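Single-structure report; data block below.
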Amino acid sequence: METFTSWRTWDEARVDLAELPVDLPAVEKAAVAAQRWHGDQQRPTGVPYVEHLLEALEVLVRGRGVTSTELLAAVLLHDVVEDTEATTGDVEAEFGPVVAELVDWVTKPPTAGAGRQQKRAAKAAYLRRLGEAPPEAVLVKLADRVSNVQRLYQIAPDKQRSYYAETVTYILPLAAADPWFARWYGEWRERFAHLR
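Everything in the sequence shown is counted per my numbering, starting at 280 for the first residue and increasing by one.
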(Lines of atoms letter the chains of each structure in order from A and count residues from 1; the text may use other names and numbers.)
(Lines give C-alpha, C1' and ligand atoms only; values in the text may rest on other atoms or scores of the structure.)
Protein backbone atom coordinates (compact mmCIF):
# COMPACT_ATOMS: atom_id res chain seq x y z
CA MET A 1 0.00 0.00 0.00
CA GLU A 2 1.51 3.27 -1.11
CA THR A 3 1.66 6.09 1.44
CA PHE A 4 1.80 9.80 0.72
CA THR A 5 4.02 11.54 3.23
CA SER A 6 6.80 13.07 1.11
CA TRP A 7 5.62 16.68 1.22
CA ARG A 8 5.97 18.09 4.73
CA THR A 9 6.24 21.72 3.63
CA TRP A 10 4.97 23.72 0.70
CA ASP A 11 8.58 24.22 -0.46
CA GLU A 12 8.99 20.44 -0.80
CA ALA A 13 5.71 20.15 -2.71
CA ARG A 14 6.57 23.08 -4.98
CA VAL A 15 9.76 21.39 -6.21
CA ASP A 16 7.84 18.34 -7.45
CA LEU A 17 4.87 20.33 -8.74
CA ALA A 18 7.16 22.57 -10.81
CA GLU A 19 7.92 19.55 -13.02
CA LEU A 20 4.23 18.88 -13.76
CA PRO A 21 1.66 20.59 -15.99
CA VAL A 22 -0.04 22.46 -13.14
CA ASP A 23 -0.74 26.15 -12.63
CA LEU A 24 1.87 26.47 -9.89
CA PRO A 25 1.11 30.11 -8.92
CA ALA A 26 -2.59 29.30 -8.49
CA VAL A 27 -1.89 26.20 -6.40
CA GLU A 28 0.65 28.13 -4.35
CA LYS A 29 -1.96 30.81 -3.69
CA ALA A 30 -4.22 28.11 -2.20
CA ALA A 31 -1.37 26.67 -0.13
CA VAL A 32 -0.54 30.09 1.29
CA ALA A 33 -4.21 30.77 2.09
CA ALA A 34 -4.58 27.37 3.78
CA GLN A 35 -1.51 28.08 5.90
CA ARG A 36 -2.84 31.53 6.77
CA TRP A 37 -6.27 30.23 7.79
CA HIS A 38 -5.06 27.14 9.65
CA GLY A 39 -2.17 29.00 11.28
CA ASP A 40 -0.59 27.01 14.08
CA GLN A 41 -3.26 24.29 14.22
CA GLN A 42 -1.99 20.78 14.76
CA ARG A 43 -3.33 17.33 13.96
CA PRO A 44 -4.20 15.02 16.87
CA THR A 45 -0.77 13.42 16.32
CA GLY A 46 0.89 16.78 17.07
CA VAL A 47 2.13 17.52 13.53
CA PRO A 48 1.32 20.85 11.86
CA TYR A 49 -2.11 20.76 10.21
CA VAL A 50 -0.62 21.81 6.88
CA GLU A 51 1.03 18.37 6.62
CA HIS A 52 -2.42 16.77 6.31
CA LEU A 53 -3.33 19.18 3.51
CA LEU A 54 -0.07 18.46 1.68
CA GLU A 55 -0.61 14.70 2.05
CA ALA A 56 -4.05 15.05 0.47
CA LEU A 57 -2.51 17.16 -2.31
CA GLU A 58 0.17 14.52 -2.84
CA VAL A 59 -2.51 11.82 -3.08
CA LEU A 60 -4.24 13.67 -5.90
CA VAL A 61 -1.07 14.65 -7.74
CA ARG A 62 1.32 11.71 -7.32
CA GLY A 63 -1.27 9.01 -6.79
CA ARG A 64 -4.29 9.89 -8.89
CA GLY A 65 -2.47 12.12 -11.43
CA VAL A 66 -4.73 15.17 -11.00
CA THR A 67 -3.53 18.48 -12.49
CA SER A 68 -6.79 20.49 -12.33
CA THR A 69 -6.14 23.82 -10.62
CA GLU A 70 -9.59 23.89 -9.00
CA LEU A 71 -9.22 20.38 -7.59
CA LEU A 72 -5.74 21.02 -6.24
CA ALA A 73 -6.82 24.31 -4.66
CA ALA A 74 -9.91 22.64 -3.15
CA VAL A 75 -7.91 19.81 -1.61
CA LEU A 76 -5.58 22.33 0.05
CA LEU A 77 -8.56 24.31 1.33
CA HIS A 78 -10.91 21.43 2.12
CA ASP A 79 -10.89 21.98 5.90
CA VAL A 80 -10.75 25.77 6.15
CA VAL A 81 -14.51 26.29 6.52
CA GLU A 82 -14.87 23.38 8.91
CA ASP A 83 -11.84 24.07 11.11
CA THR A 84 -11.06 27.80 10.90
CA GLU A 85 -12.81 31.17 10.88
CA ALA A 86 -12.94 31.12 7.05
CA THR A 87 -16.35 30.95 5.39
CA THR A 88 -17.44 29.53 2.07
CA GLY A 89 -17.82 33.16 0.97
CA ASP A 90 -14.19 33.83 1.87
CA VAL A 91 -13.10 30.87 -0.23
CA GLU A 92 -15.26 32.00 -3.14
CA ALA A 93 -13.94 35.57 -2.94
CA GLU A 94 -10.34 34.38 -3.25
CA PHE A 95 -10.68 31.24 -5.40
CA GLY A 96 -13.98 31.45 -7.25
CA PRO A 97 -17.26 29.54 -7.17
CA VAL A 98 -15.93 26.17 -8.36
CA VAL A 99 -13.38 25.83 -5.55
CA ALA A 100 -15.90 27.16 -3.01
CA GLU A 101 -18.50 24.60 -4.10
CA LEU A 102 -16.01 21.73 -3.81
CA VAL A 103 -14.97 22.89 -0.33
CA ASP A 104 -18.62 23.26 0.65
CA TRP A 105 -19.42 19.67 -0.40
CA VAL A 106 -16.69 18.24 1.83
CA THR A 107 -17.38 20.48 4.84
CA LYS A 108 -19.17 18.75 7.70
CA PRO A 109 -22.10 20.74 9.09
CA PRO A 110 -21.46 22.38 12.48
CA THR A 111 -22.60 20.36 15.49
CA ALA A 112 -21.58 22.63 18.36
CA GLY A 113 -23.79 22.00 21.35
CA ALA A 114 -25.11 18.72 19.97
CA GLY A 115 -25.01 15.54 22.00
CA ARG A 116 -22.87 12.56 21.09
CA GLN A 117 -25.64 10.71 19.26
CA GLN A 118 -26.67 13.85 17.38
CA LYS A 119 -23.07 14.39 16.28
CA ARG A 120 -22.80 10.79 15.06
CA ALA A 121 -26.09 11.08 13.17
CA ALA A 122 -25.02 14.37 11.57
CA LYS A 123 -21.70 12.86 10.48
CA ALA A 124 -23.41 9.79 9.00
CA ALA A 125 -25.84 12.04 7.10
CA TYR A 126 -22.92 14.10 5.81
CA LEU A 127 -21.07 10.99 4.63
CA ARG A 128 -24.21 9.59 2.94
CA ARG A 129 -24.77 12.95 1.21
CA LEU A 130 -21.35 12.64 -0.43
CA GLY A 131 -22.90 9.98 -2.66
CA GLU A 132 -24.73 12.85 -4.39
CA ALA A 133 -21.63 15.04 -4.70
CA PRO A 134 -20.02 15.95 -8.02
CA PRO A 135 -17.17 13.58 -8.95
CA GLU A 136 -14.59 16.31 -8.30
CA ALA A 137 -15.82 16.79 -4.72
CA VAL A 138 -15.67 13.04 -4.21
CA LEU A 139 -12.03 13.06 -5.33
CA VAL A 140 -11.26 15.74 -2.74
CA LYS A 141 -12.93 13.66 -0.02
CA LEU A 142 -11.19 10.46 -1.11
CA ALA A 143 -7.78 12.19 -0.99
CA ASP A 144 -8.59 13.69 2.41
CA ARG A 145 -9.51 10.28 3.80
CA VAL A 146 -6.39 8.63 2.34
CA SER A 147 -4.32 11.10 4.36
CA ASN A 148 -6.37 10.30 7.45
CA VAL A 149 -6.27 6.50 7.18
CA GLN A 150 -2.94 5.68 5.55
CA ARG A 151 -1.42 5.55 9.03
CA LEU A 152 -4.49 4.46 10.94
CA TYR A 153 -2.29 2.94 13.61
CA GLN A 154 -1.32 6.49 14.70
CA ILE A 155 -4.77 7.39 15.97
CA ALA A 156 -6.00 6.41 19.41
CA PRO A 157 -6.44 2.61 19.59
CA ASP A 158 -10.04 2.94 20.80
CA LYS A 159 -10.95 4.92 17.65
CA GLN A 160 -9.16 2.78 15.06
CA ARG A 161 -11.93 0.16 14.74
CA SER A 162 -14.75 2.70 14.39
CA TYR A 163 -12.79 4.80 11.88
CA TYR A 164 -12.02 1.66 9.88
CA ALA A 165 -15.72 0.69 9.87
CA GLU A 166 -16.79 4.20 8.89
CA THR A 167 -14.31 4.22 6.01
CA VAL A 168 -15.44 0.81 4.76
CA THR A 169 -19.11 1.75 5.05
CA TYR A 170 -19.09 5.23 3.51
CA ILE A 171 -15.81 5.89 1.71
CA LEU A 172 -15.12 2.61 -0.10
CA PRO A 173 -18.40 2.86 -2.08
CA LEU A 174 -17.34 6.34 -3.20
CA ALA A 175 -13.92 5.01 -4.22
CA ALA A 176 -15.41 2.16 -6.27
CA ALA A 177 -16.14 4.46 -9.23
CA ASP A 178 -12.50 5.51 -9.58
CA PRO A 179 -10.00 2.76 -10.55
CA TRP A 180 -7.01 4.31 -8.80
CA PHE A 181 -8.82 5.02 -5.55
CA ALA A 182 -10.62 1.66 -5.68
CA ARG A 183 -7.27 -0.11 -5.87
CA TRP A 184 -5.69 2.01 -3.13
CA TYR A 185 -8.58 1.56 -0.72
CA GLY A 186 -8.70 -2.15 -1.51
CA GLU A 187 -5.07 -2.50 -0.47
CA TRP A 188 -5.70 -0.33 2.57
CA ARG A 189 -8.66 -2.47 3.62
CA GLU A 190 -6.50 -5.59 3.55
CA ARG A 191 -3.64 -3.88 5.39
CA PHE A 192 -5.96 -3.00 8.27
CA ALA A 193 -8.24 -6.05 8.02
CA HIS A 194 -7.45 -6.94 11.63
CA LEU A 195 -9.76 -4.06 12.63
CA ARG A 196 -12.85 -5.73 11.13
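Note that CB positions come from ideal geometry on N, CA and C, so glycine has one too.
Since the structure is predicted, the reported quantities are computational estimates derived from the model, not experimental observations.
Checklist entry - With C-beta atoms as the reference, is Leu333 less than 8 Å away from Ala292? => result Position 54 of the sequence shown holds residue 333. Position 13 of the sequence shown holds residue 292. Yes, Cβ-Cβ distance for Leu333 and Ala292 is below 8 Å.
Checklist entry - Which value, in whole angstroms, describes the spacing of the CA atoms of Pro388 and Val378? => result As a working mapping, residue 388 is identified with position 109 in the sequence shown. As a working mapping, residue 378 is identified with position 99 in the sequence shown. For Pro388 and Val378, the distance between alpha carbons rounds to 18 Å.
Checklist entry - Asp302 and Thr348: beta carbons closer than 8 Å? => result The residue you call residue 302 lines up with position 23 of the sequence shown. The residue you call residue 348 lines up with position 69 of the sequence shown. For Asp302 and Thr348, yes; Cβs fall inside 8 Å.
Next on the checklist: Between Leu474, Thr446, Arg470 and Lys420, which has its C-alpha nearest Leu339's C-alpha?
Outcome noted: Your numbering for residue 339 matches position 60 in the sequence shown. Residue Lys420 is the option with its Cα nearest to Leu339.
Checklist entry - Does the Cβ-Cβ distance between Gln397 and Thr390 come in under 8 Å? => result The sequence position of residue 397 within the sequence shown is 118, counting from 1. The sequence position of residue 390 within the sequence shown is 111, counting from 1. Yes; because the gap between Cβ atoms is below 8 Å, this pair is in contact.
Checklist entry - Which runs of the alpha helix (DSSP H) fall wholly inside the region 354-425 and span at least 4 residues, in chain order? => result 359-362, 367-384 and 395-408
Next on the checklist: Looking at Val382: is its Cβ nearer than 8 Å to the Cβ of Val370?
Outcome noted: If you number the sequence shown from 1, residue 382 lands on position 103. If you number the sequence shown from 1, residue 370 lands on position 91. It is a contact, given that the beta carbons lie within the stated cut-off.
Item to check | the region 456-472 contacting the region 308-316, beta-carbon criterion three pairs below 8 Å | outcome: no
Next on the checklist: Can you tell me whether Pro323 is helix, strand or coil according to DSSP?
Outcome noted: As a working note, residue 323 is residue 44 in the sequence shown. Of the three classes helix, strand and coil, the one that applies to Pro323 here is coil, per DSSP.
Checklist entry - If you drop the 5 nearest sequence neighbours on each side, which residues of the same chain put their C-beta closer than 8 Å to that of Tyr405? => result Here residue 405 refers to the residue found at position 126 when the sequence shown is read from its first residue. Within the same chain, Tyr405 has close Cβ partners Lys387 and Pro388.
Next on the checklist: Given a cut-off of 8 Å on the beta-carbon distance, is the pair Phe471 and Leu431 in contact?
Outcome noted: Looking up residue 471 in the sequence shown gives position 192. Looking up residue 431 in the sequence shown gives position 152. Cβ distance < 8 Å, so Phe471 and Leu431 count as in contact.
Item to check | Beta-carbon proximity of Glu337 to Phe374, cut-off 8 Å | outcome: Counting from one through the sequence shown, the residue named residue 337 turns up at place 58. Counting from one through the sequence shown, the residue named residue 374 turns up at place 95. No, Cβ-Cβ distance for Glu337 and Phe374 is not below 8 Å.
Next on the checklist: Using 8 Å as the threshold, is the C-beta distance between Thr446 and Val428 below it?
Outcome noted: Along the sequence shown, read from residue 1 onward, the residue named residue 446 stands at position 167. Along the sequence shown, read from residue 1 onward, the residue named residue 428 stands at position 149. Yes, the Cβ-Cβ distance between Thr446 and Val428 is below 8 Å.
Checklist entry - Nearest-angstrom Cα distance between Ala412 and Val326? => result The residue labelled residue 412 in the question sits at position 133 within the sequence shown. The residue labelled residue 326 in the question sits at position 47 within the sequence shown. Straight-line Cα distance between these residues: approximately 30 Å.
Item to check | Which listed residue (Leu409, Ser426, Leu296 and Ala416) has its alpha carbon closest to that of Arg322 | outcome: Walking along the sequence shown from the start, residue 322 turns up at place 43. Comparing Cα positions, the closest option is Ser426.
Item to check | Nonlocal neighbours in the same chain, by C-beta distance under 6 Å from Ala310, ignoring five residues either side | outcome: Along the sequence shown, read from residue 1 onward, the residue named residue 310 stands at position 31. Only Trp289 and Leu355 meet the Cβ criterion.
Checklist entry - Using the C-alpha atoms, what's the distance from Trp467 back to Ala455? => result Taking the first residue of the sequence shown as 1, we reach residue 455 at position 176. Taking the first residue of the sequence shown as 1, we reach residue 467 at position 188. Roughly 13 Å separates the two Cα atoms.
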